[in-house]
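Okay, so here's the structure we're looking at.
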Amino acid sequence: EADIYQTPRYLVIGTGKKITLECSQTMGHDKMYWYQQDPGMELHLIHYSYGVNSTEKGDLSSESTVSRIRTEHFPLTLESARPSHTSQYLCASSGGSATNEKLFFGSGTQLSVL
Amino acid sequence: AQSVTQPDIHITVSEGASLELRCNYSYGATPYLFWYVQSPGQGLQLLLKYFSGDTLVQGIKGFEAEFKRSQSSFNLRKPSVHWSDAAEYFCAVGFSSNTGKLIFGQGTTLQVKP
Chain A
1 EADIYQTPRY
11 LVIGTGKKIT
21 LECSQTMGHD
31 KMYWYQQDPG
41 MELHLIHYSY
51 GVNSTEKGDL
61 SSESTVSRIR
71 TEHFPLTLES
81 ARPSHTSQYL
91 CASSGGSATN
101 EKLFFGSGTQ
111 LSVL
Chain B
1 AQSVTQPDIH
11 ITVSEGASLE
21 LRCNYSYGAT
31 PYLFWYVQSP
41 GQGLQLLLKY
51 FSGDTLVQGI
61 KGFEAEFKRS
71 QSSFNLRKPS
81 VHWSDAAEYF
91 CAVGFSSNTG
101 KLIFGQGTTL
111 QVKP
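Structure follows, in structure tokens:
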């Protein structure tokens, strides 16, 4: 079982609100990721972190921001949510040996912006 | 640019029948290939991965996949499908063996008929 947790599981909010999606892992992994998944579409990497105080943007441009102040915590923030941000957001972390890295996913946050 | 194509958006098979889900990739270097499964309301779970060596890879839940470099394919197979296999399946390509930065295909939804 993967020890990576995302809250909330579902979130419905109005346009213009600031939101933070939480992601925590208890496996001590240095590497963490945020993927965005639109319905019926592939996952796209939007942010990743290889350790505390290290964050990078992924392949898909996103208006969200992330922070990594603690190893176990990798929250994602939208300063002003819009309907175009409606999507599923999946957090993941990876660890293991250099040749046997495993990626663990959380259950996701389904965000709906009205 | 790197990409992953899963030609079949939706597949329906009868319980007990064999299954093959197709995956083609475009990647200039040696690929690191993955298959993930996503059940409704759940995060993604790793079924199997190919880094190097034997091109026939065994995974969990009775799944296997074969890497064919000449065809740029990494098709997933199972000899006898169970009703619990109904889910969405994602093929993914990684840049190296020690990162969770992946490029995902669009996914194939598997429906299992009794």
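So the protein sequences, as listed, match chains A and B. According to my numbering, the first sequence holds residues 1 to 114 in order. According to my numbering, the second sequence holds residues 1 to 114 in order. In this text, a Cβ means the ideal position worked out from N, Cα and C, and glycines have one as well.
Per the coordinates, the alpha-carbon of Y32 (chain B) lies some 18 Å from the alpha-carbon of D59 (chain A).
In the DSSP secondary-structure assignment, I11 (chain B) is bridged to B:L110.
Scanning chain A for C-beta atoms nearer than 9 Å to the C-beta of T12 (chain B) yields nothing, as the closest lies near 16 Å away. Separation of G59 (chain B) and F34 (chain B) (C-alpha to C-alpha, rounded to the nearest whole angstrom) is 10 Å.
About 6 Å separates the CB atoms of G106 (chain A) and Y5 (chain A); that is less than 8 Å, so the two are in contact. Beta-bridge pairing by DSSP links T5 (chain B) to B:N24. At least one CB atom of chain B sits nearer than 9 Å to the CB of F104 (chain A). Residues of the same chain with a CB within less than 6 Å of the CB of G62 (chain B), apart from the 5 flanking positions on each side, are K78 in chain order.
With respect to chain A, the C-beta atom of F74 (chain B) has no partner C-beta closer than 9 Å.
Per DSSP, reduced to three states, the secondary structure at H29 (chain A) is coil, with no helix or strand assignment.
Listed along the chain, the chain A residues whose CB falls inside 9 Å of the CB of L21 (chain B) amount to none; the nearest CB is some 14 Å away.
Among the residues facing chain A, I60 (chain B) is not included, as its CB has no counterpart in that chain under 9 Å away. Among the bridge pairs identified by DSSP, S112 (chain A) is matched with A:V12. Against Y33 (chain A), the close residues of chain B are G100 and K101, in the order they occur along the chain (beta-carbon pairs closer than 8 Å).
Pairing C23 (chain B) with V37 (chain B) gives a Cβ-Cβ distance that is not under 9 Å. Any Cβ of chain A closer than 9 Å to the Cβ of Q111 (chain B) would place that residue at the interface, and such an atom is absent. Under the Cβ criterion (8 Å, minimum of three pairs), the region 68 to 88 of chain A counts as touching the region 8 to 26 of chain A. Between G100 (chain B) and K31 (chain A), the C-beta gap is smaller than 9 Å, which places the two residues in contact. Excluding sequence positions up to five before and after P75 (chain A), its CB lies within less than 8 Å of the CB of T20, L21, E22, C23, V66 and S67, all in the same chain and listed in chain order.
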